[in-house]
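Chemist: The letter at position 67 of the sequence shown is residue 751 when you use my numbering, and the numbering goes up by one with no holes.
Dropping the structure in here first, questions after.
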Amino acid sequence: RMLMECHHVDVNAHHKYFGHFWRPRLRISEREADDSEMLVQRHMLLGHGWDYFSEEHVSHFRCLFDYTNMPFDSQHCKLTFLIPDVFDSVIRLQWSDVEGEEMS
Numbered sequence: 685r686m687l688m689e690c691h692h693v694d695v696n697a698h699h700k701y702f703g704h705f706w707r708p709r710l711r712i713s714e715r716e717a718d719d720s721e722m723l724v725q726r727h728m729l730l731g732h733g734w735d736y737f738s739e740e741h742v743s744h745f746r747c748l749f750d751y752t753n754m755p756f757d758s759q760h761c762k763l764t765f766l767i768p769d770v771f772d773s774v775i776r777l778q779w780s781d782v783e784g785e786e787m788s
């Protein structure tokens with residue numbers, strides 16, 4: 685922990701000391717690949733000593749589909765997250781809204 689007078693300090697992956705900070709090793713069992721150019725990692729250090737770490741990924745996952753009822757089917761994919769040595773009570777996962785253009 686560190687105490688400081690400022691409100692917060694942001695340290696992203698381009699900062700020279702980013703590699704000195706601990707960060708959880710997230711594994712998603714169904715993940716096939718990541719788009720490394722889209723990876724964003726950052727620490728936000730708050731004045732009272734808390735470190736909030738966040739990551740944004742663009743990833744490819746495997747998922748089995750059942751087309752038996754097509755075109756009236758509904759598909760669901762399961763993602764299994766593993767973060768060693770971290771309790772699930774201290775983790776918050778949040779989906780970002782993705783907007784795209786309609787293809788013609």
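For glycine and all other residues, C-beta sits at the position ideal for the given N, C-alpha and C.
Report the option in W706, I767, I712 whose CA atom is closest to the CA atom of Y736.
Modeler: W706
Chemist: Rounded to a whole number of angstroms, what is the C-alpha to C-alpha distance between V695 and S738?
Modeler: 11 Å
Chemist: Would you decide whether H744 is buried or exposed? Buried here means 16 or more other CB atoms lie within 10 Å of its CB.
Modeler: So H744 ends up on the exposed side.
Chemist: By DSSP, does E714 sit in helix, in strand, or in coil?
Modeler: coil
Chemist: Pick out whichever of E714, L763, Q725 has its Cα sitting closest to the Cα of G703.
Modeler: Q725
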